[in-house]
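Colleague:
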Amino acid sequence: MNEFELIERIFSQMQAAPSSSSTVDKGIGDDAAVMSLPAGSRLVSCIDTLVQGRHFSADWEQVNKLAFAIGYKAVAVNVSDIAAMGATPHSILLALALPERLANGPWLTEFAKGLFHACQLFGVALIGGDTTRSDCLILSVSAQGLLAASTPAVYRSGAQVGDKIYVSGTLGDAAYALQHPDNAQGVELAHRLHMPTPRIALGAALAKIGATSMIDISDGLYQDLGHICQQSNVGMRIHVEQLPTSKALASSELTERLLCQLAGGDDYELAFTLPAHIAPPIDNSSNTPVTCIGEVIAAASTTDAAKNVRPEIFYQGQPVTAAHPAPFSTWPNLTGYQHFAG
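Under this note's numbering, the first residue of the sequence shown is numbered 269, with each subsequent residue one higher.
If you want it as structure tokens, here you go:
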């Protein structure tokens, strides 16, 4: 049995049978998948690529150890993008570039368990994909979601002056775990790095109540909110003492914690804006907290300045600037994750 037959056998054993209400007419096994979309629904699509040595460890021992988590996270990060549009996840396609040393039953079985566990949790079906040989592990997942005709998509471009800025969950946990994999706090927070939880129900609820903009926090809060600023042609004021902090991260040194929360990335929480008169929804099913961290303000009036606008940071009511960087000793690097750096 070659590696491609092995993959087909493992994945076909774990693939859940389609339900009677499934909108997948043809999934795995043909040149392309076929779906029937509910009347009036719109298709929302995204794609995300995870590369060994850039998005997860280059160390082969770690890759073997994290097979389940790698499969899970490949699905979760794409579902998070669907949630950030206010859509309901539907299905995924998987492109797997597999090194020879991982083309074995134990690794592929654990990887597939993680992938299908995420599919089951988030209500998506694997409907097709492709496999090839590679020197390092590369996973590319394309996800599809559905928006009802009556539900508006939430873009990055709708934030308005006077809106309140919110985030879900807690911030900085994944970044801390990545930087400190061996200390007690890092071990306690490792699940936040390896097994993120996309906020599907919250994203859908926000689309229904009139969220003006939304993004999932993957590359760092400061950088990702900057995308909303640029797309919406607005400024933002962030009060860093209001950033939601987990109990485990709260005991870390203040400036290290704030750097993890502002620039660390890998949170896969939702950052969004709402008009001041609209209260954020309460998600009783998952008990996901939602925290107001600032407000939308006017941006510079010139087009060139608006393209470069970034959120303003305040600490205890005072602006954090290069001249007055407190609580930092110097102005910190808040550029977040850089996909093309190095």
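Where is the CB? At the ideal position from N, CA and C, for every residue including glycine.
To the nearest angstrom, how far is the alpha carbon of GLY610 from that of SER325?
Modeller: Position 342 of the sequence shown, counting from 1, holds the residue named residue 610. Position 57 of the sequence shown, counting from 1, holds the residue named residue 325. For GLY610, the predicted model reports a pLDDT of 47, less than 50, meaning its position is unreliable; a value from the coordinates is still stated below. Their backbone Cα atoms lie some 15 angstroms apart in a straight line.
Colleague: Would VAL312 pass as a contact of LEU414 if the rule is Cβ separation under 8 angstroms?
Modeller: Here residue 312 is taken as the residue at index 44 of the sequence shown, counted from 1. Here residue 414 is taken as the residue at index 146 of the sequence shown, counted from 1. Yes; because the gap between Cβ atoms is below 8 angstroms, this pair is in contact.
Colleague: So what's LEU383 in DSSP terms, helix, strand or just coil?
Modeller: The residue given as residue 383 occupies position 115 in the sequence shown. Three-state result, LEU383: helix.
Colleague: Within a Cβ cutoff of 7 angstroms, which residues of the same chain sit near LEU474, ignoring the five residues on either side of it in sequence?
Modeller: Stepping through the sequence shown from its first residue, residue 474 is reached at position 206. So the list reads GLY354, VAL422, MET482, PHE540, PRO549, once near-sequence residues are dropped.
Colleague: Given ILE315, which residues of its chain have a CB within under 8 angstroms of its CB, disregarding the five upstream and five downstream residues?
Modeller: Numbered from 1 along the sequence shown, position 47 holds the residue referred to as residue 315. So the list reads ASN346, SER408, VAL409, SER410, ALA411, once near-sequence residues are dropped.
Colleague: Between which residues of its own chain and THR400 is the CB-CB distance below 7 angstroms, once the five residues before and five after are set aside?
Modeller: Within the sequence shown, numbered from 1, the residue matching residue 400 stands at position 132. The residues are ALA365.
Colleague: Identify whether PHE596 lies in helix, strand or coil by the three-state DSSP scheme.
Modeller: For this step, residue 596 is matched to residue 328 along the sequence shown. Of the three classes helix, strand and coil, the one that applies to PHE596 here is coil, per DSSP.
Colleague: The alpha helix (DSSP H) with LEU522 in it runs from where to where?
Modeller: The residue labelled residue 522 in the question sits at position 254 within the sequence shown. Note, LEU522: alpha helix (DSSP H), 522-531.
Colleague: Per DSSP, what are the beta-bridge partners of ILE315 in this structure?
Modeller: Here residue 315 refers to the residue found at position 47 of the sequence shown. In DSSP, ILE315 forms a bridge with SER410.
Colleague: With GLU474 as the anchor, note down where its alpha helix (DSSP H) starts and where it stops.
Modeller: For the purposes of this step, residue 474 is identified with residue 206 of the sequence shown, where counting begins at 1. A small correction: the amino acid at residue 474 is Leu; Glu does not occupy that position in the sequence shown. 468-477 is the extent of the alpha helix (DSSP H) around LEU474.
Colleague: Note down the Cα distance separating SER554 from PRO464, rounded to an integer number of angstroms.
Modeller: The count along the sequence shown starts at 1 and reaches residue 554 at position 286. The count along the sequence shown starts at 1 and reaches residue 464 at position 196. Distance between the alpha carbons of SER554 and PRO464: 14 angstroms.
Colleague: Of the choices LYS333, PRO543, TYR490, ALA518, whose alpha-carbon is the least far from that of PHE582?
Modeller: What you label residue 582 is simply residue 314 of the sequence shown in a count that begins at 1. For PHE582, the nearest C-alpha among the options comes from TYR490.
Colleague: Please report the residue range of the alpha helix (DSSP H) in which SER348 lies.
Modeller: Sequence index remark: in the sequence shown, residue 348 carries index 80 (1-based). Counting along the chain, the alpha helix (DSSP H) containing SER348 begins and ends at 335-351.
Colleague: Can you find the residues in the same chain that come closer than 6 angstroms, C-beta to C-beta, to CYS560, ignoring five residues on each side of it along the sequence?
Modeller: The count along the sequence shown starts at 1 and reaches residue 560 at position 292. Cβ neighbours of CYS560 beyond the five flanking positions: LYS432, TYR434.
Colleague: In chain order, what residues of the same chain lie with their CB nearer than 8 angstroms to the CB of PHE336, ignoring the 5 residues before and after it?
Modeller: Your numbering for residue 336 matches position 68 in the sequence shown. Once the five neighbours on either side are set aside, the close Cβ partners of PHE336 are GLU378, PHE379, LYS381, GLY382, HIS385.
Colleague: Could you give the distance in angstroms between the alpha-carbon of GLN283 and the alpha-carbon of ASP293?
Modeller: Stepping through the sequence shown from its first residue, residue 283 is reached at position 15. Stepping through the sequence shown from its first residue, residue 293 is reached at position 25. Approximately 15 angstroms, taken between the alpha carbons.
Colleague: To the nearest angstrom, report how far apart ASP349 and SER425 are at their CA atoms.
Modeller: Mapped onto the sequence shown, residue 349 falls at position 81. Mapped onto the sequence shown, residue 425 falls at position 157. Taking the straight line joining both Cα atoms gives about 16 angstroms.
Colleague: Taking LEU370 as the reference, give the member of ALA516, ASP403, SER520 with the closest Cα.
Modeller: Against the sequence shown, residue 370 aligns to sequence position 102. For LEU370, the nearest C-alpha among the options comes from ASP403.
Colleague: For SER359, which three-state DSSP category applies?
Modeller: Translated into the one-based positions of the sequence shown, residue 359 becomes position 91. If DSSP states are grouped into helix, strand and coil, SER359 belongs with the strands.
Colleague: Does the beta-carbon distance from SER520 to GLN453 come in below 8 angstroms?
Modeller: As a first step, residue 520 must be located in the sequence shown, where it is residue number 252. As a first step, residue 453 must be located in the sequence shown, where it is residue number 185. Yes, Cβ-Cβ distance for SER520 and GLN453 is below 8 angstroms.
Colleague: Do you know whose CA, among ALA544, GLU509, ASN601, TRP599, lies nearest GLY585's CA?
Modeller: Within the sequence shown, residue 585 is the residue found at index 317, counting from 1. When only C-alpha atoms are compared, the closest one is GLU509.
Colleague: With DSSP as the reference, identify every bridge partner of ALA365, one or two as the case may be.
Modeller: The residue labelled residue 365 in the question sits at position 97 within the sequence shown. In DSSP, ALA365 forms a bridge with THR400, ILE406.
Colleague: Under 8 angstroms, with one C-beta from each stretch per pair, do the stretch 513-528 and the stretch 438-449 reach the 3-pair mark?
Modeller: Because the criterion of three Cβ pairs below 8 angstroms is met, the stretch 513-528 and the stretch 438-449 touch.
Colleague: DSSP state of GLN584, grouped into three classes?
Modeller: Here residue 584 corresponds to residue number 316 of the sequence shown, with the count starting at 1. Coil, per DSSP.
Colleague: Using the rule of at least 16 other Cβ atoms within 10 Å of the residue's Cβ for burial, across every protein chain shown, is VAL343 buried or exposed?
Modeller: Position 75 of the sequence shown, counting from 1, holds the residue named residue 343. Buried.
Colleague: Taking MET303 as the reference, which of LEU274, GLY396, LEU362, PRO367 has the closest Cα?
Modeller: Locating residue 303 in the sequence shown gives position 35, where the first residue counts as 1. Per the Cα distances, GLY396.
Colleague: With a 10 Å radius around its C-beta and 16 neighbouring C-beta atoms as the bar for buried, classify ILE477 as buried or exposed.
Modeller: Working through the sequence shown from its first residue, we reach residue 477 at position 209. Exposed, by the Cβ-count rule.
Colleague: First and last residue of the alpha helix (DSSP H) that includes GLU456?
Modeller: The residue given as residue 456 occupies position 188 in the sequence shown. Looking at the DSSP string, the run of the alpha helix (DSSP H) that includes GLU456 is 452-456.
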